[in-house]
Amino acid sequence: MNGFDSENHTVITNDGYRLQLYRIVNPYRLSNKIGYPILLFNGLTESPQKYISTTNGWFNRTTGIYTEYDNQFENRLEIDCRSDRLPPIRFGRNIAFTLAACGFDVWLTNVRDNIHEASHLRFNIDDSRYWNITLDHYTLDAMANIDYVRRENIKRSTTTVGIVCYSLSCLSIFQLMSIDEKYNDLIRPLFLLAPNIYMRSMLSLPIIFLGSLEPVFRNIPQSTVDVVPILPYLANQLEKNEFLRIMYMFSLMLLAGSNNHEFIPENLYRLMAHFPNTVSLQVFSHIGQRYSNHSDHHLYRFDYGSKENLNVYGTLKPPYYDLNEITNQCMILWHGSSDLISDDNDIERLQQDLSVKFLEIFHNDYSHLDFVNGRTVNMTVVKPMVEILFRLGYH
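Just so we're aligned, residue 1 is where the sequence shown starts under full-length UniProt numbering, counting upward by one.
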């Protein structure tokens, strides 16, 4: 894996889903102690490949130096992070590889409706019971991933883990901290990149459209069409066909916003090779419910309808996640003014509703995709992230 070693692990959730969990191993550090564990969580319909495929980089197993290049292998950038006491002088764009080069124990997570990296102990993907998946179930996946990594590190007396969440995966972490107090203390620190917690002010037309089909999707326990097998072919065609390229870029602009300064075409071609993955239609239904809820700011669990709600929750109306229960004081937030998914108004409302304040807040003009794929992400995201970890003693 770009000079790093890797390990495949299987996580079993409480309700029987098997999730693939990937570990990035720094071979230069094997003779020393393994670093502090950091879990990376994906956005909606994304796979862990998002974190490792969007940059040209290579780790030298002999010297311990990670090198990144711009596209066409120009502008060589060396990241020397061999010191245990000081952060590097330079930083790479790739969050996962830069953290691994600095000795952190990096884990790439999955969710249950990515059928290429998840399965079930009893149900196959043709069984409708497999697809009873909502935003609530992503929280169970987050819990299973965190607990697994903690068990793997318990021998080293490491009781806490760091988390980098992006987009909708931040919602899973917030929901988890609101229903189980211990995770407020176990997650240290929590880095939130363009968190999609509240959705009332979201301007992403494709997501709004899919959410508007909520009444239809609510009763269809099934996935979206699996296009993953043809994605590498489509990504290759993007570089050859100007019309397809224009349509693709226009679609991404409608989906996530745009910032021409941060735009790197080759990164988005690579993104196309792994995006979108399969997702449960009921997830879009749940997003639609959250988006259309104008009565209050509560994050309600999935609304199955009054009759089924009685069976599932014991009440006619679904309960909600109380954000006042979140007490984690080691949360760091990034958000952008060109982001159509995580709108600034929703971020401001989130800050008002939390009973704790963010440790640090970084605001720029990024669109939603720029927080992982942007041209200057090495200085605006990766640099402060690594420096905060060193400053707080998590290294």
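Heads up, the beta-carbon is just placed ideally off N, CA and C, and yes, glycines get one too. Nothing here was measured: the structure is a model prediction, and the numbers come from that model.
Status (buried if at least 16 other CB within 10 Å, exposed otherwise) for LYS33: LYS33 is exposed by the Cβ-count criterion.
SER53, DSSP secondary structure in three states: Note: SER53 maps to coil in three-state DSSP.
Residue from LEU176, GLY374, SER53 and LEU86 whose Cα sits closest to the Cα of ASN364: For the options LEU176, GLY374, SER53 and LEU86, the alpha carbon positioned closest to that of ASN364 is the one of GLY374.
Cβ-based burial, HIS335 [other Cβ within 10 Å; buried from 16]: Buried, since its Cβ has 16 or more Cβ neighbours within 10 Å.
Secondary structure of ALA194, DSSP reduced to three states: Residue state, collapsed to three classes: coil.
Sequence ranges, alpha helix (DSSP H) only - wholly within the region 118 to 188, length at least 4: With a minimum length of 4 residues, the continuous alpha helix (DSSP H) runs that stay inside the region 118 to 188 are 135 to 153, 169 to 179 and 182 to 186.
Alpha helix (DSSP H) segment containing ARG245, residue limits: Start and end: 242 to 256.
Sequence-distant residues of the same chain with beta carbon closer than 6 Å to GLN20, five excluded per side: Cβ neighbours of GLN20 beyond the five flanking positions: ASN110 and GLU117.
Per DSSP, the bridge partner or partners of SER342: DSSP output for SER342 lists no bridge partner at all.
Where the beta strand (DSSP E) through THR98 begins and ends: First-last for THR98: 95 to 101, but that is the alpha helix (DSSP H), not the beta strand (DSSP E).
Cutoff 7 Å; reference PHE123; Cβ partners in own chain excluding five residues on either side: Listed in chain order, the non-local C-beta contacts of PHE123 below 7 Å within the same chain comprise ARG129 and TYR130, local neighbours out to five positions each way being set aside.
6 Å Cβ shell around TYR183 - same chain, five flanking residues per side excluded: The residues are LEU176 and MET177.
Terminal residues of the alpha helix (DSSP H) in which TYR291 lies: Start and end: 281 to 292.
Simplified DSSP assignment, three categories, for ILE89: DSSP places ILE89 outside both helix and strand once states are collapsed to three, so it counts as coil.
Per DSSP, the bridge partner or partners of ILE230: For ILE230, which the question treats as bridged, DSSP gives no partner whatsoever.
The region 375 to 394 contacting the region 95 to 109, beta-carbon criterion three pairs below 8 Å: Yes: at least three Cβ pairs fall under 8 Å.
Cα-Cα separation, MET249 to LEU255: The alpha-carbon of MET249 is positioned some 10 Å away from that of LEU255.
Distance CB(VAL279)-CB(LEU108) smaller than 8 Å: No; because the gap between Cβ atoms is not below 8 Å, this pair is not in contact.
Contact set for THR10: own chain, Cβ-Cβ below 6 Å, skip 5 residues either direction: Hits under 6 Å: ARG18.
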